[in-house]
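Undergrad:
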Ligand SMILES: Nc1ncnc2c1ncn2[C@@H]1O[C@H](COP(=O)(O)OP(=O)(O)OP(=O)(O)O)[C@@H](O)[C@H]1O
Ligand SMILES: [Mg+2]
């Protein structure tokens, strides 16, 4: 109800201000006969901004300080002897009861007379302050509107002012994106630092045993060595890239250079559907089809391959990434100017010679970028690994054995009962931070490569 | 020009003299008969028939969109790379049909080189740009031989003095005029017999244009050259034979001096005097 009234107030202010600015700007144009700097809609936007910002500031101030003021008011309604006998929790409970009474929800237990009185007082207080705030916002908005209106003259640069406001809004939006990133990193960092008060960082980063003692209360926390998880992540990522890069790149080359138009029109969307399959479905596929298949193949050639292994997860993850690599590479190959290809054909190069010696080098920066994007995705992938890698956090060199990855271990540590007080759950943040640093490093490396090649080739 | 003398490795006919031979006495290198081109359902060329003489410059002139580039691309079958393009009629190089199914296109393009309207050096070093063709065709047996081909091609293209100290730098870092000469060097490095040039000077300033015209004049002694140009003066200056295209038809062809002084066709006259186009 209240928010509806506020929204209505803002809308009315907006319409009024826009209309005022428009009328004033339009009247100037016809009345003075001189050349008006800005067109009416800019004057209108100018007045609208001037009106809305003060009104919003008033509302914002109430949103920030209103809670404290209300709380003070409630405390004053509680008899001094009752207040003296309450601790912090008791006070909170009482305040909640009074709020409930004021809004008419009702409370459990007997209602003390002073509670009822306080509830009534609070109700009228809330009503009056709400009216006051709305009135203040309206007055601030209208005052600012009149001021802005008085500033409109023929030479007034409303257009430039509106441009500055737009610039600021855009800046604010990008600031939100950046601040969110910073906030996430900061929370990862603080929690990870808490973890390192329990576990020595050296034991974490260079430890070869992963055996958290999840049931322990105090004393023995278990061992938190990162290396088995890192090894599992790297193994699966490398296998996935070994599958995705050659297949994806060659599919892209075929589709963009060799395939007849009709085939391309059908094949491209089909490949992109692959990218739309949920990763959990790839997980089933790995568990039910690929794992047993690889095990049988291994048995046939005398290799002992586990059905859930780094190989299974890596192969399926590679299949999942193929559409990424191929559709990004395809776009990049199509962007290489036709004239370059013609130059090679004109010298008597065959199609594959042209692709190898002219097309791929020219497209290389983009393609490397695509690969590294795919790697970042593989490193962070979770569902396939949960189902298909066997979840065995033991440091082993064989890709035929089960492994565990960083992502899976985060899931294991953070699901179920967690209180974020012991290293059992805090380790999730340390692992998350490690993952973040790895992907960040990959992205920086990708940027570096792309820039180096761009300089060389442009 | 001293940079153009000294090397005769790619010379086709050592008996050539610098005194221009009468056009009528030259042998015919290329013959086109009834060449048509369709782009999809749209016909771009309507039965072009022309003879292109050996060791002379033939220029194609005509208003924009009349099919000059299209016909030029027919000669080394670059239209094959355009989706939906269909070529009809016959084109013979030394009496051999170049659209014969048994003919190797890749080899044909090595014999008929092409310089494009826009300079298109590969994103490689200057040296590798010129060495590209010789490498894929295996023209050099040793590093020294390759050096020799690269250096002499750059000399012939009049670029040697400017780039001899920076052969390892990327070709894309050169100026537009230098890039165009690099592309010419790249084309002649494979010792083609015919060189096709599609508006090679359209992106160049008058000085670079003069250098390239001079170069064409020198190259004419050893190569058969076909050039597309929008500049009447250029056609008159560098070519011995001129062909005027209009709306996909070959309107008139003949000795350059005849076309420019005494055109038989009204359309030709209007075009070269600037009334259409
Ligand atoms: N790849 C293509 N696909 C479809 N139509 C084309 C293609 N290339 C050229 N054409 C058409 O064929 C006709 C002849 O084009 P062409 O490029 O040969 O003209 P041009 O004489 O070289 O013109 P300009 O002097 O502007 O270079 C034009 O009408 C053009 O629109
Ligand atoms: Mg053209």
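Chains as they are written, first to last, in our numbering: chain E, 1 to 458; chain X, 459 to 735. Ideal Cβ placement from N, Cα and C applies to all residues, glycine included.
Keeping to the same chain, check which residues put their C-beta closer than 6 Å to that of residue 589/X; ignore five residues upstream and five downstream.
TA: Around residue 589/X: 604 and 608.
Undergrad: Determine contact between the region 390-402 of chain E and the region 608-624 of chain X, defined as no fewer than three beta-carbon pairs at a distance below 8 Å.
TA: No, they do not touch.
Undergrad: Cβ of residue 495/X within 7 Å of any heavy atom in ligand 2?
TA: False, no ligand heavy atom lies under 7 Å from that Cβ.
Undergrad: According to DSSP, which residues form a beta bridge with residue 699/X?
TA: The partner list for residue 699/X (beta bridge, DSSP) reads 516/X and 713/X.
Undergrad: Does the distance between the C-beta of residue 527/X and the nearest non-hydrogen atom of ligand 2 fall short of 7 Å?
TA: At least one heavy atom of ligand 2 is nearer than 7 Å to the Cβ of residue 527/X, so yes.
Undergrad: Just to confirm, is the Cβ distance from residue 370/E to residue 409/E under 8 Å?
TA: Contact flag unset, no.
Undergrad: Would DSSP call residue 326/E helix, strand or coil?
TA: It is helical.
Undergrad: Using the three-state DSSP reduction, which class does residue 391/E fall into: helix, strand or coil?
TA: If DSSP states are grouped into helix, strand and coil, residue 391/E belongs with coil.
Undergrad: From 378/E, 349/E and 434/E, pick the residue whose C-alpha is nearest to that of residue 539/X; which is it?
TA: Ranking the options by Cα distance to residue 539/X, first place goes to 349/E.
Undergrad: How about residue 647/X: is its Cβ closer than 7 Å to a heavy atom in ligand 4?
TA: By its list of ligands, the structure shown excludes ligand 4, since it contains just ligand 1 and ligand 2.
Undergrad: Looking at the strands, I want to know which residues DSSP matches up with residue 490/X.
TA: Residue 490/X is bridged to 508/X and 549/X.
Undergrad: Measure the Cβ-Cβ separation of residue 43/E and residue 62/E and say whether it is below 8 Å.
TA: Not in contact: residue 43/E and residue 62/E (Cβ atoms no closer than 8 Å).
Undergrad: What do you reckon, are the CB atoms on residue 363/E and residue 403/E nearer than 8 Å?
TA: The answer is no: Cβ separation not under 8 Å.
Undergrad: Taking Cβ-Cβ distances below 8 Å as the criterion, which residues of the region 355-383 of chain E are in contact with chain X?
TA: Per Cβ criterion, the list reads 357, 358, 361 and 362.
Undergrad: Distance cutoff 8 Å, beta carbons only. Does residue 664/X sit that close to anything in chain E?
TA: Not closer than 8 Å to any Cβ of chain E, the Cβ of residue 664/X fails to qualify, so no.
Undergrad: Ligand 1 and residue 522/X: does the residue's C-beta get closer than 7 Å to at least one heavy atom of that ligand?
TA: Correct: residue 522/X has its Cβ closer than 7 Å to ligand 1.
Undergrad: Could you pull out every residue in the same chain whose Cβ sits closer than 8 Å to the Cβ of residue 14/E, ignoring the five residues on either side in sequence?
TA: For residue 14/E, where only same-chain residues beyond five positions count, the Cβ hits under 8 Å are 48, 51 and 52.
Undergrad: Looking at the structure shown, is residue 501/X part of a helix, part of a strand, or coil, going by DSSP?
TA: Three-state DSSP puts residue 501/X in a strand.
Undergrad: Measuring alpha carbon to alpha carbon, tell me which residue in 519/X, 504/X, 492/X and 580/X is nearest residue 731/X.
TA: Closest option to residue 731/X, Cα to Cα, is 519/X.
Undergrad: The region 242-266 of chain E: which residues have C-beta closer than 9 Å to a C-beta of chain X, in chain order?
TA: Residues 260 and 261.
Undergrad: Expressed to the nearest angstrom, what Euclidean distance is found between the alpha-carbon atoms of residue 102/E and residue 95/E?
TA: Straight-line Cα distance between these residues: approximately 11 Å.
Undergrad: Within 10 angstroms of the Cβ of residue 345/E, are there 16 or more other Cβ atoms? Answer buried if so, exposed if not.
TA: Buried: at least 16 other Cβ atoms inside 10 Å.
Undergrad: Distance check for residue 11/E and residue 459/E, CA to CA, integer angstroms please.
TA: In the structure as shown, chain E begins at 1 and stops at 458. Residue 459/E is therefore absent and cannot be evaluated.
Undergrad: I'd like the span of the beta strand (DSSP E) that includes residue 655/X, first residue to last.
TA: Note, residue 655/X: beta strand (DSSP E), 652-656.
Undergrad: Say the cut is 7 Å; is the CB of residue 502/X nearer than that to a heavy atom of ligand 1?
TA: Yes.
Undergrad: How many angstroms separate the CA atom of residue 546/X from the CA atom of residue 530/X?
TA: Approximately 14 Å, taken between the alpha carbons.
Undergrad: Following a CB-centred definition, is residue 540/X positioned closer than 7 Å to any heavy atom of ligand 1?
TA: Indeed, a heavy atom of ligand 1 lies less than 7 Å from the Cβ.
Undergrad: Answer with buried or exposed for residue 703/X, where buried requires no fewer than 16 other C-beta atoms within 10 angstroms of its C-beta.
TA: It is buried - the Cβ of residue 703/X has at least 16 other Cβ atoms within 10 Å.
Undergrad: Using 10 angstroms around the beta-carbon of residue 554/X, count the other beta-carbons present and answer buried if the total reaches 16, otherwise exposed.
TA: Its Cβ having fewer than 16 others within 10 Å, residue 554/X is exposed.
Undergrad: Can you tell which of 679/X, 569/X and 640/X has the C-alpha that lies nearest to the C-alpha of residue 595/X?
TA: Closest by alpha carbon: 569/X.
Undergrad: Just checking residue 651/X against ligand 2 - is the residue's beta carbon closer than 7 Å to any of the ligand's heavy atoms?
TA: No, the Cβ of residue 651/X stays beyond 7 Å of every heavy atom of ligand 2.
Undergrad: Determine the burial state of residue 678/X: buried for a count of at least 16 other Cβ atoms within 10 Å of its Cβ, exposed for fewer.
TA: With 16 or more other Cβ atoms within 10 Å, it is buried.
Undergrad: For residue 61/E, name the three-state secondary structure that DSSP assigns.
TA: Note: residue 61/E maps to helix in three-state DSSP.
Undergrad: Can we count residue 656/X as close to ligand 2, meaning its CB is less than 7 Å from some heavy atom?
TA: Residue 656/X: yes, Cβ under 7 Å from ligand 2.
Undergrad: 8 Å is my cut-off, CB to CB: does residue 580/X come that close to chain E?
TA: Interface residue, yes.
Undergrad: Using a Cβ-Cβ cutoff of less than 6 Å, which residues in the same chain neighbour residue 526/X once the five nearest sequence positions on both sides are dropped?
TA: Same-chain partners within the cutoff: 518, 520, 686 and 703.
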